[in-house]
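K.L.:
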Amino acid sequence: MQKVFFRNLTFLISLNLLIKPVWILGIDRTVQNVVGTATYGSYFVLFSLAIMTQIFLDVGISNYNNRYLAQNESELSLHVTNIFSIKLLLTTLYVAVTLVIGYLIGYSSYQIYLLSIICLNQALSSLIVFSRSNISALHHFKIDSILSVLDKALMIIICGTFLIVPSLQHHFNIEWFVYSQTISYLITLFAALGYLIFVNGNFRINLSIPFTRELLKKSLPFALLIFLMGMYSRMDAVMLEKLLPQTGAHEAGIYASAFRLLDALNQFGFLFAVLLLPIFSRMIGKKQNVATLVNASFTVIFVFSLIICLTLSFFSESIMGILYHDASPYSSKVLSTLSFSFLGTATAYIFGPLLTANGNLKELIAVSFIAVIVNFVLNLILIPTESSYGASIASSTTNMLIGFLFIIVSVKKFRFPPNYRLLIRLLIFTIANILLFSTQSLWAIPWMLLILLFGTIALSLAFLLKLFELKKIFPIVRQETV
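My numbering numbers the first residue of the sequence shown as 206 and each following residue consecutively.
1. Is S203 buried or exposed, if buried means 16 or more other CB atoms sit within 10 Å of its CB?
2. Quick one: grab the DSSP three-state call for T286.
3. In whole angstroms, what is the alpha-carbon distance linking H694 and L425?
4. Which residue's Cα is closest to the Cα of T504: F289, L627 and I322?
5. Assuming A397 and R487 are in contact, meaning their beta carbons sit under 8 angstroms apart, how far apart are those beta carbons, in whole angstroms?
6. Taking only three categories from DSSP, how would you classify P558?
7. Quick check on K491: does DSSP put it in helix, strand or coil?
8. If we ignore side chains and look at the alpha-carbon of each, how far apart do W381 and R465 end up?
9. Report the residue from L293, D233 and F634 whose alpha carbon sits nearest the alpha carbon of K357.
10. Is the closest heavy atom of the ligand ADP to the C-beta of I555 under 8 angstroms?
11. Over what stretch of residues does the alpha helix (DSSP H) that includes D349 continue unbroken?
12. Excluding five sequence neighbours on each side, which residues of the same chain lie with their C-beta closer than 7 angstroms to the C-beta of F485?
13. List the endpoints of the continuous alpha helix (DSSP H) containing N146.
14. With 16 as the cutoff for other CB atoms within 10 Å, does F335 come out buried or exposed?
15. Do you know how far the Cα of F261 is from the Cα of I656?
16. For T296, I'd like the list of residues in its chain whose CB is within less than 6 angstroms of its CB, leaving aside the five on either flank, ordered along the chain.
17. Excluding the 5 residues flanking T366 on each side, which residues of the same chain have their C-beta closer than 8 angstroms to its C-beta?
18. Less than 7 angstroms between C-beta atoms, sequence neighbours within five positions excluded: which residues of the same chain meet that for T303?
19. Secondary structure at P450, three-state DSSP: helix, strand or coil?
20. Does the region 501-518 touch the region 436-449, meaning 3 or more C-beta pairs lie closer than 8 angstroms?
21. By DSSP, does F377 sit in helix, in strand, or in coil?
22. Return the residue from the list F634, W648 and I218 that minimises the CA-CA distance to L664.
23. Near N221, which residues of its chain fall below 8 angstroms by C-beta distance, leaving aside the five closest residues on each side in sequence?
24. Measuring alpha carbon to alpha carbon, tell me which of G660, K422 and L672 ends up nearest F642.
25. Contact between the region 542-556 and the region 579-591: three or more CB pairs below 8 angstroms?
26. Might you give, ordered along the chain, the residues of its own chain that have their beta carbon closer than 7 angstroms to the beta carbon of F432, omitting 5 neighbours on each side?
27. DSSP three-state label for I650, please.
28. In its own chain, which residues sit with a C-beta less than 6 angstroms from the C-beta of Y554, not counting the 5 before and 5 after it?
29. Near L670, what residues of its chain come up, given a Cβ to Cβ distance below 8 angstroms and the 5 sequence neighbours on each side ignored?
30. Would you mind working out which of L230, A532 and T215 sits nearest A469, comparing C-alpha positions?
31. F690 to K347, Cα distance in whole Å?
32. Could I get the ranges of all uninterrupted alpha helix (DSSP H) runs contained in the region 501-577, with 4 residues as the minimum, in chain order?
33. Compute the Euclidean distance between the alpha carbons of I183 and G399, then round it to the nearest angstrom.
34. For the alpha helix (DSSP H) containing T242, name the first residue and the last one.
35. Is the distance from the Cβ of V443 to the Cβ of V250 below 9 angstroms?
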């Protein structure tokens, strides 16, 4: 079982490392360069709104389904057909509510049309995630891993063709980009459902009112958490457009160009959380001490996230210049500030799964609610005067606050003793790296080589300070995956 776990985990991570960065930094970035910052910014705003209203699409069902099937695998067939029927009804509700909100906001008929296709894509994506959770419950992990990147792989092929062939690139527009996603999601969904039918027999729509009522009741806390997370992570773009009527789309495009890099990094942080959640759950269930794993995991992700944040911040002009045709000192300033949001997000990828495994949903919801209020108020104050730079300040502040509050709640709930030696080492590491990266302008070597040099020095310092305690992590992971 242990070998199978690590083999499947390696396969999953390898596929995601191969496909998702190509999609985000290769295709998605190129689309913005081709269609223009303002046009992509308008799309980014609509996409953000579709993310914010996802509470109506899932209402926490996927989270509940994952936990239920892990304990009741024999009921998969009946459970799948019931929940799939519910999700089809919720899809209709989700699209209707989102379009009504778009209409009330004042979107044009073209924006409403594009928003409807984006909502359809989100609905298809949600159905794919649901189908994959059932395949994973059958322990068909390799199929699940392939499906996890199939949609993005298809988008790379379709959009890549449009963007590479000169005659097609000349006519490429944002609608083609959205339609490419629709086709890719449909193919992936049919593949997932086809596999479920193949291994599980007939697949019939079966809606049970009592089952639906009970399911919605149990999944509502997850739904509220998902809603709040969507709000504080995506409201920036929507507020940029509404608070800046003349330049909102362009500013949203600038924000999207910086946000894209953080989005790529978050893909890998999420995989870290996926690994830790079941391990924390088992350890807590066995009443084992999780402090060692928490400290070691947090230290590893803090070291890498700090190096990444400082790299993006101090080398923002060079990075933006090589990625975007219309990069400017202003867009570099946005990235430089927004990069520090990853430090808070990375922290949440450790303590979020810990609190989830411990059943602290109320605390997670409370922190997320605070984050929504803080982010909204900061955006309301900063965007009118500072535009997308103000949104980047709001986002970084909010995410750093979330990470800090998650640590505070975790320490309180688990009664972790203060580890002053670790805190001092982390402080030394942080100060030393800030000083190191501050010398960036003094070096007369190519910036890419300088990043490599700084990264090597930073990692060497981490080993010198004994921040990487992998020998403590591996035995725990091996033990909890047997």
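Glycine is no exception: its CB is placed at the ideal position from the N, C-alpha and C atoms.
P.N.:
Taking the definition as stated:
1. It is not possible to answer for residue 203, since the shown part of the chain is limited to 206 through 687.
2. T286: helix per DSSP, three-state reduction.
3. Past the edges of the chain, shown from 206 to 687, lies residue 694, and the structure says nothing about it.
4. Ranking F289, L627 and I322 by Cα distance to T504 puts L627 first.
5. About 27 angstroms separates the two Cβ atoms, so there is no contact after all.
6. helix
7. Coil.
8. 20 angstroms
9. D233
10. For the ligand ADP, the structure offers nothing, since it holds no ligand at all.
11. F346 to I369
12. V495, P558, L559 and A562
13. There is no way to answer for residue 146, as the model of the chain reaches only from 206 to 687.
14. buried
15. Using only the alpha carbons, I get a separation of about 44 angstroms.
16. A328
17. L373
18. The answer, listed in chain order, is L254, A255, T258, L320 and C324.
19. coil
20. Not touching, per the Cβ criterion.
21. coil
22. F634
23. S353, V354, Q472, F473 and L476
24. G660
25. no
26. Within the same chain, F432 has close Cβ partners I260.
27. coil
28. G474, F477 and A478
29. If the five residues before and after L670 are omitted, its C-beta is found closer than 8 angstroms to the C-beta atoms of R630, I633 and F634, all from its own chain and listed in chain order.
30. L230
31. For the chain, the structure presents residues 206 to 687; residue 690 sits outside this window and is missing.
32. 521-528, 534-543 and 546-562
33. There is no way to answer for residue 183, as the model of the chain reaches only from 206 to 687.
34. Following the DSSP letters along the chain, one finds T242 inside the alpha helix (DSSP H) bounded by residues T242 to M257.
35. yes
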